[in-house]
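Trainee: Structure incoming, see below.
As C-alpha cells, then:
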C-alpha cells in the first residue's frame, strides 16, 4: 500500500480546485483515455489527469475568435480548440508544451513566439523541496533538447544500455552503475533522439498503439536520462528516468508498482505555473473569491456560488484594500491600518504606524515578490511628512496575522509615490518631488541591507503622477516612463518631451530607450521583454483635443513597433488619452481605457489589446452623466475581468444602482456578485484572489 501511495505522489496534483469540462469536445477527448482509469477499470497513469483545473481563452494568431482559442488545463497536458477557418469546431489539439518550457519561447501562433524564459520547475517529483532535480531549464542550459540553439543530435543507440545521468545544471555524465539496466529502443532522425525501450513498449499498449502515440506524445526531443541526483517524491529521494517529448514528459520509476512505473509527467501543471507566474511556495490556484469592502466591513464572495462572507469590521469606513499572499489582506481606514485573515473570521491585526506620523492616511502598499513582507507608504494628514515602513509577516502554517518585525526605512518632507520593491527584495524604489521650486521629479533607490541610497532626476519639472514605474520581469531592471508636458498649441516652445528609461537599480545605470514629445506612458510586460506604450498622436494641438494610440515594443529594440498601433475610441470622438491599466497574467495583452464626451453623456471605453496583433480581443463601453460616475473594469487573477457598472443611465438623472460582475476571458463563468445602491461597494477596493484554505461558511 505504501508503494502505491508513493507512486501516485510522484506526480500528485497540486491544484486545489477541480472544475467542469469547458467544452464537450474536451470531455470526449478525456473519456477516450482516462475514463477507464477514473472508473478503476485499469491501473496505469492518467494521460490527462482526473479532472481539468482551469480554462480560458489564450491568444493564438490563427484562431478565428479575434486571435484567441479556447483552452483547458489538466495535470498532464492542455487541450486546445483553435477553430481555424474550415476546421471542425470539435478538432482538439494537444499543445507542444515541452518545447515551450525548454526553449523559453511562448507560442502564440503557428509561427509566432514571444520571448519568455526556460522553466525552472522540476520536471519530475515534488514541486518544492526538490532542489537538485533536473528542470526544463537544465535541458536548455546543457543544450540537450531538439530546437535549443547549439544542441547536437544524438547517435543511433538502439539496443544499447542507458547509462547517462543528468544533473540540475544541465551536465550529463556516464553512470558507473545505472539504477536499472534499460535499453534504447528506436532512433528518430527527425529530432535526432532515441526513445527508451520502457517508453516505446508503453506506446504499443492500449489506448495508444503505434498509430496513435505520436499524436499524443510528439517526437522525442531529448535522450532518456537518469536524474543523477535523486528526485524527491513525497519527501523521499527516488531513482527516476526522464525523457522529454514534444507534447509531454515520461518518467520511469523502478521502485513503483507495476502499472505505475511509467508515468506521464504533470506538464500541464508545470506549464500553467510557468505561463501565469504562480509561485508554488504561496497560494495554490483555485478557490477564487472577490474581496471588497462595504462600509466598515471586509467581505469576500465566492465566484461560483456568489455566497458572501463577512471577515470582520474596522472602527471606521474602509478606504483601501491590498491582498497579499497566505490568504490575507491589508486594510486601510483613515488613520488605521490592519492585517486581515481571508480564510475565515478573526479579529484584524492592527499595524503600527511610524512614530513620526500620528494622524495618517495610507497611500500605497507594495507586496514583496516572496509575499512575506509589505512596504507601506504613510502620509501625515494636514502636514508634509511621509514615511515608508516595512512589515515582515508570518506564514500561514503558524499565524498569517503575525508580524515578526517592523522597520521605518525612509521618512521625508518630500511628496513620495510609486513605492516598489525589487524582485529580489534588496532595493526599495520610489518617485519623489521636492517642496521647493523647480519641483523636479526624482527616482530614489534605497539598498535595504545597508541603507545606502541613490537619487537622480528623471523629470525636469514635476509632472505629478505622470511618472510610471514597472519592473522588467524578475530582474532588477526598472522601466520608467515620464509623460510629455502638455500645454496649449501657442506654448509649443515650452513643451518638454516625454521619455522611457531603463534603470538597473543595482548600480543606478540608466539608458534612455525613447524620448519624444508624443510619449505619454509605458508599462513593462510581466516577463520583462516587452512594453506597452501610449503615444499622443497629435502632440502639437490644443490641449482640449486628445488622440492617443497603443503600441507594443521590445525592450531590446524599442523604436520598432511590433504591430500597427491601435487607436482607442470610435467615430474620431474627442477623448482623454488612453491609460494603461495592467497586463494580463501571461503578458500577451494589456488593458487600456479612455474617457471622452458623447451626446449628453460621457463614454468610458475599455479594451484588452493583444501584444501579437495589436488589436482588441475584448471591448466594453459604458455611458454615464459625468466622468466620476463612470463604470470600471479591472483585470484580476489569471484570466478574470471584474466589471463594476453604474446603472441605469437616463438623460436627466444620475445612476442610482450598481452591479459588480465577473467573467472569464473566454466569456464563461459570468457571475453577478453584487447588486445594490450606487457606491455602496467600490470596485476601487475590489479584487479577485485565491483563498485555497477558506474555512468560512
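Residue numbers (the working numbering): -16 to 680. Every residue, glycine too, gets a C-beta built ideally from N, C-alpha and C. Quantities reported herein were computed from a predicted structural model and do not represent experimental measurements.
By Cβ distance below 8 Å, which residues in the same chain neighbour residue 476 in space, the five residues on each side in sequence not counted?
Mentor: Here residue 476 corresponds to residue number 493 of the chain shown, with the count starting at 1. Here residue 476 scores only 47 on pLDDT, less than 50, and its place in the model should not be relied on; the value that follows carries that caveat. Answer for residue 476: no residue qualifies.
Trainee: Does DSSP classify residue 145 as helix, strand or coil?
Mentor: Translated into positions along the chain shown, residue 145 becomes position 162. The answer is coil: DSSP assigns residue 145 none of H, G, I, E or B.
Trainee: Over the uninterrupted beta strand (DSSP E) stretch that includes residue 323, give me the two end residues.
Mentor: Walking along the chain shown from the start, residue 323 turns up at place 340. Unbroken beta strand (DSSP E) run through residue 323: 319 to 324.
Trainee: Do three or more CB pairs link the stretch 354 to 369 to the stretch 303 to 311 at distances below 8 Å?
Mentor: In short, these stretches touch, since the Cβ pair count reaches three.
Trainee: What residue ranges within the stretch 75 to 105 form continuous alpha helix (DSSP H) runs of no fewer than 4 residues, ordered along the chain?
Mentor: If we require 4 residues or more, the alpha helix (DSSP H) runs fully inside the stretch 75 to 105 come out as 80 to 86.
Trainee: Determine the closest residue to residue 658 out of 626, 677, 649, with distance taken between C-alpha atoms.
Mentor: Within the chain shown, the letter at position 675 stands for residue 658. When only C-alpha atoms are compared, the closest one is 626.
Trainee: Would you decide whether residue 495 is buried or exposed? Buried here means 16 or more other CB atoms lie within 10 Å of its CB.
Mentor: Here residue 495 corresponds to residue number 512 of the chain shown, with the count starting at 1. Label assigned to residue 495: exposed.
Trainee: Measure from the alpha carbon of residue 393 to the alpha carbon of each residue in 369, 275, 233, then state which is nearest.
Mentor: The residue labelled residue 393 in the question sits at position 410 within the chain shown. Comparing Cα positions, the closest option is 369.
Trainee: Identify every residue that forms a DSSP beta bridge with residue 210.
Mentor: Residue 210 sits at position 227 when you count from the first residue of the chain shown. Beta-bridge pairing links residue 210 to 149.
Trainee: Let me confirm a value: residue 28 is counted as buried when at least 16 other C-beta atoms fall within 10 Å, else exposed. Which label applies?
Mentor: Along the chain shown, read from residue 1 onward, the residue named residue 28 stands at position 45. By the 10 Å Cβ count, residue 28 comes out buried.
Trainee: Which residues in the same chain as residue -9 place their Cβ atom closer than 8 Å to its Cβ, once the five residues preceding and following it in sequence are excluded?
Mentor: The residue given as residue -9 occupies position 8 in the chain shown. Note that residue -9 scores a pLDDT of 38, beneath 50, so its modelled location is shaky and nothing firm can be said.
Trainee: Near residue 429, what residues of its chain come up, given a Cβ to Cβ distance below 7 Å and the 5 sequence neighbours on each side ignored?
Mentor: Mapped onto the chain shown, residue 429 falls at position 446. For residue 429, where only same-chain residues beyond five positions count, the Cβ hits under 7 Å are 392, 393, 410, 411, 436.
Trainee: If I follow the unbroken beta strand (DSSP E) through residue 220, where does it start and stop?
Mentor: Position 237 of the chain shown holds residue 220. Its beta strand (DSSP E) spans residues 219 to 221.
Trainee: Going by Cα to Cα distance, which pick from 157, 148, 159, 141 is closest to residue 181?
Mentor: Counting from one through the chain shown, the residue named residue 181 turns up at place 198. Nearest option by C-alpha distance: 141.
Trainee: Using the Cβ count rule (16 or more neighbours within 10 Å means buried), how would you classify residue 237?
Mentor: As a first step, residue 237 is located in the chain shown; it is residue number 254 there, counting from the start. That one is exposed.
Trainee: Mind the definition here: the stretch 183 to 203 touches the stretch 224 to 237 only if three or more C-beta pairs lie below 8 Å; say whether that holds.
Mentor: Judged by Cβ distances under 8 Å, the stretch 183 to 203 makes contact with the stretch 224 to 237, as three or more pairs qualify.
Trainee: Note down, in chain order, each residue of its chain lying with its Cβ closer than 8 Å to the Cβ of residue 406, except the 5 sequence neighbours on either side.
Mentor: The residue labelled residue 406 in the question sits at position 423 within the chain shown. Here the set comprises 352, 454, 456, 457, 458, 459.
Trainee: Would the stretch 211 to 227 count as touching the stretch 103 to 122 if we require 3 or more Cβ pairs under 8 Å?
Mentor: Cβ pair count under 8 Å is three or more, so yes.
Trainee: Kindly list the residues whose CB is nearer than 7 Å to the CB of residue 447, restricted to its own chain and excluding five residues on each side of it in sequence; keep chain order.
Mentor: The residue given as residue 447 occupies position 464 in the chain shown. Its pLDDT being 48, under 50, residue 447 is placed unreliably in this model, and the coordinates cannot settle the point.
Trainee: Looking at the unbroken beta strand (DSSP E) that takes in residue 31, where does it start and where does it end?
Mentor: One-based indexing of the chain shown puts residue 31 at position 48. Unbroken run through residue 31: none, as it is neither H nor E.
Trainee: If you measure from the CB of residue 541, is any heavy atom of the ligand GTP nearer than 7 Å?
Mentor: Among the ligands in the structure shown, none appear at all, so the ligand GTP cannot be discussed.
Trainee: Select from 211, 190, 549 the residue whose C-alpha is nearest the C-alpha of residue 157.
Mentor: As a working mapping, residue 157 is identified with position 174 in the chain shown. Nearest of 211, 190, 549 to residue 157, Cα basis: 211.
Trainee: Kindly indicate which three-state DSSP category residue 383 falls into: helix, strand or coil?
Mentor: Sequence index remark: in the chain shown, residue 383 carries index 400 (1-based). Three-state result, residue 383: coil.
Trainee: Can you find the residues in the same chain that come closer than 8 Å, C-beta to C-beta, to residue 290, ignoring five residues on each side of it along the sequence?
Mentor: Stepping through the chain shown from its first residue, residue 290 is reached at position 307. Hits under 8 Å: 284.
Trainee: Please determine, among 101, 136, 671, the residue with the shortest C-alpha to C-alpha distance to residue 122.
Mentor: As a working mapping, residue 122 is identified with position 139 in the chain shown. Here the closest residue by C-alpha is 101.
Trainee: Enumerate in chain order the residues of its own chain whose CB-to-CB distance from residue 57 is below 6 Å, with the five nearest sequence positions on each side excluded.
Mentor: On the chain shown, position 74 is the one that residue 57 refers to. Only 31, 32, 35, 251 meet the Cβ criterion.
Trainee: Just to confirm my understanding: we take residue 296, look at its own chain, exclude 5 residues before and 5 after, and list those with CB closer than 7 Å. What are they?
Mentor: Reading the chain shown from its first residue, position 313 is the one you call residue 296. Closer than 7 Å at Cβ, skipping near neighbours: 279, 280.
Trainee: Indicate whether residue 303 and residue 674 have their beta-carbon atoms separated by less than 8 Å.
Mentor: Indexing the chain shown from 1 puts residue 303 at position 320. Indexing the chain shown from 1 puts residue 674 at position 691. No, they are not a contact pair.
Trainee: To which residues does DSSP link residue 394 through a beta bridge?
Mentor: For the purposes of this step, residue 394 is taken as the residue at position 411 of the chain shown. Beta-bridge pairing links residue 394 to 370.
Trainee: Run the CB neighbour count on residue 648, radius 10 Å, all protein chains shown included, and call it buried at 16 or more, exposed below.
Mentor: In the chain shown, counting from the first residue as 1, residue 648 sits at position 665. By the neighbour-count rule (16 or more Cβ atoms within 10 Å), residue 648 is buried.
Trainee: Can you tell me whether residue 518 is buried or exposed, with buried defined as 16 or more other CB within 10 angstroms of its CB?
Mentor: Counting from one through the chain shown, the residue named residue 518 turns up at place 535. Result: buried.
Trainee: Between residue 483 and residue 462, how many whole angstroms is the CB-CB distance? I'm expecting something under 8 Å.
Mentor: In the chain shown, the residue the question calls residue 483 occupies position 500. In the chain shown, the residue the question calls residue 462 occupies position 479. With 8 Å as the limit, residue 483 and residue 462 qualify as a contact, their Cβ atoms being about 7 Å apart.
Trainee: Who pairs with residue 356 in a beta bridge, going by DSSP?
Mentor: Position 373 of the chain shown, counted from the start, is the residue given in the question as residue 356. 375, per the DSSP bridge assignment.
Trainee: How long is the line joining the alpha carbons of residue 162 and residue 64, rounded to whole angstroms?
Mentor: Counting from 1 along the chain shown, the entry for residue 162 is found at position 179. Counting from 1 along the chain shown, the entry for residue 64 is found at position 81. Residue 162 and residue 64: Cα-Cα distance of roughly 42 Å.
Trainee: Closest to residue 95 by C-alpha separation, out of 571, 15, 144, would be which residue?
Mentor: Taking the first residue of the chain shown as 1, we reach residue 95 at position 112. Ranking 571, 15, 144 by Cα distance to residue 95 puts 571 first.
Trainee: Since I believe residue 44 is in contact with residue 91 (beta carbons under 8 Å), could you give me their beta-carbon distance rounded to a whole number of angstroms?
Mentor: Here the question's residue 91 lines up with position 108 in the chain shown. Here the question's residue 44 lines up with position 61 in the chain shown. The pair is a contact, with the Cβ atoms about 6 Å apart (cut-off 8 Å).
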